[in-house]
Amino acid sequence: MKTAAMACMRNEAMFVLEWIAYHRVIGFDEILVCTNECNDGTDELLDRLSALGAVHHIRNDDHGDTAPQPAGVTKVLAHDAVKDCRWLLHIDADEFLNIHDGNGKLDAWLPRLNDFDAVAIRWRIFGDSGLDSWPEFGLQLEELTMANDIAREHTAMQKTMFDPSAFAAGIDHMPKQPLRDVTLCNAEGGRRDPEAMYHPTLSDHRHVANRNANKKRHFPWRGASINHYAVRTPDLFVMKNYRGDAMQSRHNKRYMLNSRWHRAINVNDVEETSIQHHIPAVKALMSEWRTQDRQIAEIEAEAYEWFETTKANWLTEERLEALTNKAA
1149 MKTAAMACMR
1159 NEAMFVLEWI
1169 AYHRVIGFDE
1179 ILVCTNECND
1189 GTDELLDRLS
1199 ALGAVHHIRN
1209 DDHGDTAPQP
1219 AGVTKVLAHD
1229 AVKDCRWLLH
1239 IDADEFLNIH
1249 DGNGKLDAWL
1259 PRLNDFDAVA
1269 IRWRIFGDSG
1279 LDSWPEFGLQ
1289 LEELTMANDI
1299 AREHTAMQKT
1309 MFDPSAFAAG
1319 IDHMPKQPLR
1329 DVTLCNAEGG
1339 RRDPEAMYHP
1349 TLSDHRHVAN
1359 RNANKKRHFP
1369 WRGASINHYA
1379 VRTPDLFVMK
1389 NYRGDAMQSR
1399 HNKRYMLNSR
1409 WHRAINVNDV
1419 EETSIQHHIP
1429 AVKALMSEWR
1439 TQDRQIAEIE
1449 AEAYEWFETT
1459 KANWLTEERL
1469 EALTNKAA
C-alpha cells in the first residue's frame, strides 16, 4: 500500500528539509512539494533534494488566477508518483502528522482506515513556546513544545488524508469533486459524514447539514493528530504578510500580532512532546542529505540570511505597529 504526502510552499527554505525528513521517517513512500514565486531558495533547495530522490518538486508558478493550493493539488493528483498510491496526505509546511498508535509510524495506524476513502485528522495547536526569534537550523519538532490543553471550537479544524483516485480536486483542508460515492472517518477509524467534501468551498468537516453528525468531539486527537506550528515565532508569524496566503484568503488581518487568529493559535497551555521520539531519525536523515549534497546546507544558510535581511528592510517599526492589534 503506497502512501504520499504533499504540501504547497513559498519561502520555506528554513524548514522544508525537516518537513520532508520527518514524513519520510514515519513511512511515507512519496513526498511532493509544489512551490510558487519563491525568493529564499526553497525551489533551488527542492531541486537539490529531488536529485537525491528525496522529494518530487513541482513548479507551481503558473497557477494564474487559481490560488496556489488548489492549483497545486490538481498538479499532484495528475503526477505519476501518486498514480498507484492508496493515501495522499495534504498538509502545510508548518504541519506534521503525529501518529499515536504503536511506534508512531504509518504502518501502525493505517489498518484503522482500510474501509474508508478519506480520514479527517484534527489539528493540535502549538504556540511560540516563549521564543522571540527562530534559532538558526532549529527544528520545529524540538523548539516548539507548548500546545493547547483542550481543543477549542475556533481551532478544532482538520486536515485530510485521502485516496487520490477518488477525487478530482482539492483545497487546503480537504479533497473536492468526488469521482464516486466516498466515505470519511476520523483518526480512530470512526465513520463520519463526508458531505463537506462534496461542497466546492467548505474547509471544515463539521460544516454539514446535519449539525449533530460531525461535531468537535467526533474528531479526537486519538489515533493521530496534526501538530500545527502555526505561529513559530512572532516575527515569522507577521512575515506571513510578506509571503502571502496560498488560498488567497480574504482574512487580510489574520496575520497581525494579537489578532483574533493570533490569540487563538498562540496557545502554550501544556508541554506536548510525544512527536519527539522521531527526532534522532529525522536528524540522521537530514545530515545524510546534507552530506550527499553540500549545497543543501549552503542554501539553508542563505535562506536564514535572506529572512533576516528581508525582515530588517520590510518589517519596519512603523509596519510592525500597523500589524499589531491594539484594540483586543
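Sequential numbering from 1149 applies to the sequence shown in the working numbering. Ideal placement from N, C-alpha and C gives every residue a C-beta, glycine not left out.
Check whether residue i and residue j have beta carbons under 7 Å apart
| i | j | result |
| --- | --- | --- |
| Thr1331 | Phe1264 | yes |
| Ile1444 | Glu1192 | no |
| His1366 | Arg1340 | yes |
| Asp1297 | Val1203 | no |
| Asn1208 | Asp1188 | no |
| Ala1304 | Lys1364 | yes |
Three-state class that DSSP yields for residue i in the structure shown
| i | result |
| --- | --- |
| Ala1241 | coil |
| Pro1348 | coil |
| Glu1436 | helix |
| Glu1343 | helix |
| Pro1428 | helix |
| Pro1133 | Residue 1133 is absent from the model: the chain starts at 1149 and stops at 1476. |
| Thr1458 | helix |
| Gly1220 | helix |
| Ala1470 | helix |
| Lys1150 | strand |
| Glu1290 | helix |
| Leu1332 | strand |
| Leu1463 | coil |
| Phe1163 | coil |
| Ile1413 | helix |
| Ile1168 | helix |
| Arg1398 | Low local confidence applies: a pLDDT of 46 at Arg1398 is under 50, so the model's placement there is unreliable, with the coordinate-based value given in what follows. Of the three classes helix, strand and coil, the one that applies to Arg1398 here is coil, per DSSP. |
Residues bridged to residue i (per DSSP)
| i | result |
| --- | --- |
| Gly1337 | None; Gly1337 has no bridge partner. |
| Ile1206 | Cys1182 |
| Ile1273 | His1376 |
| Ile1247 | Ala1372 |
| Gly1318 | Pro1323 |
| Gln1306 | Arg1270 |
| Trp1235 | Thr1151 |
| Leu1405 | Thr1472 |
| Glu1419 | Met1294 |
| Met1157 | Thr1183 |
8 Å Cβ shell around residue i - same chain, five flanking residues per side excluded
| i | result |
| --- | --- |
| Gly1278 | Met1294, Asn1416 |
| His1211 | Asn1184, Ala1219, Gly1220 |
Beta-carbon proximity list for residue i, same chain, < 6 Å, skipping 5 on both sides
| i | result |
| --- | --- |
| Gln1288 | Tyr1377 |
| Leu1292 | Phe1274, Ser1277, Tyr1377 |
| Gly1338 | none |
| Met1322 | Thr1308, Met1345 |
Whole-angstrom C-beta distance between residue j and residue i, which should lie under 8 Å
| i | j | result |
| --- | --- | --- |
| Asn1414 | Arg1272 | That belief does not hold up - the Cβ atoms of Asn1414 and Arg1272 are roughly 14 Å apart, past 8 Å. |
| Tyr1390 | Trp1462 | 6 Å |
| Phe1310 | Leu1225 | That pair is no contact at about 10 Å. |
| Val1173 | His1426 | 5 Å |
Beta-carbon contacts of residue i that lie in its chain and below 7 Å, excluding the five residues immediately before and after
| i | result |
| --- | --- |
| Thr1214 | none |
| Arg1398 | Here the model assigns Arg1398 a pLDDT of 46, short of 50, so the residue's position is not dependable, and the following value carries that caveat. Cβ within range, chain order: n/a, list empty. |
Any chain D beta carbon closer than 7 Å to residue i
| i | result |
| --- | --- |
| His1248 | Note that chain D does not occur in the displayed structure, where there is just one protein chain. |
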